[in-house]
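Novice:
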Amino acid sequence: MITSTQLDGIALVVGSGRGIAQQAAFSIACAGARAIIFADMNEETAKASAEESKQYATHNEYEAVHFTVNVTDEQGVQDMVDFVIEKFGRMDYCVNGAGIDNGTHHPVAETDISNFDRVMKINTRGMMLCCRSEVAAMRRQSTQRFISRNGNGNKSRDIGRGAIVNIASANSFAGLPGKMCYTVSKHACMAVTKMVGMYFSCLFLVVRGGGGG
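Numbering (the numbering used here), first residue to last: 17 to 229.
1. Can you tell me which of the three DSSP states Glu77 falls into?
2. Roughly how many angstroms lie between the CA atoms of Gly229 and Ala184, to the nearest whole one?
3. Would you tell me roughly how many angstroms separate the C-alpha atoms of Ala114 and Gln160, rounded to the nearest one?
4. Output the residue ranges of the beta strand (DSSP E) runs that lie fully inside the stretch 101-170 and measure 3 residues or longer, sorted by chain position.
5. Starting from the C-beta of Ile34, find all residues in its chain whose C-beta is less than 6 Å away, skip the five residues before and the five after it, and write them out in chain order.
6. Judging by CA-CA distance, which residue of Ala204, Lys70 and Arg177 is the nearest neighbour of Met81?
7. In three-state terms, what does DSSP make of Gly213?
8. Quick one, which of Ile44, Phe189, Glu150 and Ile36 has its alpha-carbon nearest Asp24's?
9. When DSSP labels each residue in this structure, what does Asn187 get in the three-state scheme?
10. DSSP three-state call for Ala27: helix, strand or coil?
11. Just to confirm before moving on: does the CB-CB distance between Val208 and Thr127 stay below 8 Å?
12. Are there 16 or more other CB atoms within 10 angstroms of the CB of Asp98, so buried, or fewer, so exposed?
13. Is Asp56 buried or exposed, if buried means 16 or more other CB atoms sit within 10 Å of its CB?
14. I'd like the span of the beta strand (DSSP E) that includes Ala51, first residue to last.
15. Out of Thr84, Phe104 and Asn58, which one is the CA nearest neighbour of Tyr78?
16. With a 10 Å radius around its C-beta and 16 neighbouring C-beta atoms as the bar for buried, classify Gln38 as buried or exposed.
17. If you follow the alpha helix (DSSP H) that Ala64 is in, where does it begin and where does it stop?
18. Pull up the distance between the alpha-carbon of Lys137 and that of Asn86, whole angstroms please.
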């Protein structure tokens with residue numbers, strides 16, 4: 017849990033029905049978020065994660081909601097972001113963690129193209145669609161000021177319009193035998209992260225990629 021960090025504001029965590037994205041959401045709740053939107057393709061796991069997060073929350077008015085989304089669907093992703101803005105007025109943090117591993121180990125010459133397309137569509141296209149809609153919403157927001165509680169004498173500082181974290185992988189930087197589909201998709205995810213960060217850092221948006229293993 018991120019117990020030494022204060023994260024006031026509204027967070028959208030995509031793919032938070034389970035896995036790393038779910039744990040990231042729990043840590044954000046522990047760090048003081050005002051509200052978290054648990055977005056996942058599986059409505060049941062998203063709802064369960066939202067409910068479980070309440071035991072970690074430290075904000076007195078914490079709210080957890082769930083949203084069902086297919087990250088490969090352009091309109092569905094936009095609807096998700098619109099839902100957050102309509103309900104909470106802004107979106108301060110986004111974690112994009114929806115993704116799959118093809119679950120097979122085959123030599124390059126035996127790679128299943130339909131499986132390759134499926135993994136790329138979810139892992140890479142899905143992340144790009146999320147980033148595109150999130151950035152479009154964040155760049156319309158005013159910048160926020162943050163009051164630190166960790167040794168800075170409660171001084172405030174400008175933290176910008178928002179922060180986006182894309183969950184990547186060790187496979188974003190190196191290959192693994194038999195993991196053609198997953199490795200290529202995760203390399204592409206890091207490229208998406210770099211491009212989004214390149215174009216929007218001037219708008220006081222923070223975009224980062226984190227390896228998930």
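Positions of the beta carbon are idealized from the N, C-alpha and C atoms, including for glycine. Small disclaimer: the values here were computed from a predicted structure and weren't measured.
Specialist: So, to answer that:
1. The count along the sequence shown starts at 1 and reaches residue 77 at position 61. If DSSP states are grouped into helix, strand and coil, Glu77 belongs with coil.
2. Translated into positions along the sequence shown, residue 229 becomes position 213. Translated into positions along the sequence shown, residue 184 becomes position 168. Confidence at Gly229 is low in this model, with a pLDDT of 46, below 50, so the placement of that residue is unreliable and no value is reported for it.
3. Within the sequence shown, numbered from 1, the residue matching residue 114 stands at position 98. Within the sequence shown, numbered from 1, the residue matching residue 160 stands at position 144. For Ala114 and Gln160, the distance between alpha carbons rounds to 27 Å.
4. 109-112 and 160-163
5. Translated into positions along the sequence shown, residue 34 becomes position 18. Looking at the sequence provided, one finds Arg at residue 34 rather than Ile. So the list reads Thr61, once near-sequence residues are dropped.
6. By 1-based counting over the sequence shown, the position of residue 81 is 65. Per the sequence shown, residue 81 should be read as Val rather than Met. When each option's Cα is compared against that of Val81, the closest is Lys70.
7. Against the sequence shown, residue 213 aligns to sequence position 197. Gly213: helix per DSSP, three-state reduction.
8. Translated into positions along the sequence shown, residue 24 becomes position 8. For Asp24, the nearest C-alpha among the options comes from Ile44.
9. As a first step, residue 187 must be located in the sequence shown, where it is residue number 171. Note: Asn187 maps to helix in three-state DSSP.
10. Counting from one through the sequence shown, the residue named residue 27 turns up at place 11. Ala27 falls in the strand class under three-state DSSP.
11. Stepping through the sequence shown from its first residue, residue 208 is reached at position 192. Stepping through the sequence shown from its first residue, residue 127 is reached at position 111. Taking 8 Å as the Cβ cut-off, Val208 and Thr127 do not qualify as a contacting pair.
12. Here residue 98 is taken as the residue at index 82 of the sequence shown, counted from 1. Burial call: exposed.
13. Stepping through the sequence shown from its first residue, residue 56 is reached at position 40. By the neighbour-count rule (16 or more Cβ atoms within 10 Å), Asp56 is buried.
14. On the sequence shown, position 35 is the one that residue 51 refers to. Looking at the DSSP string, the run of the beta strand (DSSP E) that includes Ala51 is Ala51 to Asp56.
15. Counted from its first residue, the sequence shown places residue 78 at position 62. Closest option to Tyr78, Cα to Cα, is Phe104.
16. On the sequence shown, residue 38 is found 22 positions in, with the first residue counted as 1. Burial call: buried.
17. Against the sequence shown, residue 64 aligns to sequence position 48. Unbroken alpha helix (DSSP H) run through Ala64: Glu59 to Ser69.
18. In the sequence shown, the residue the question calls residue 137 occupies position 121. In the sequence shown, the residue the question calls residue 86 occupies position 70. Approximately 11 Å, taken between the alpha carbons.
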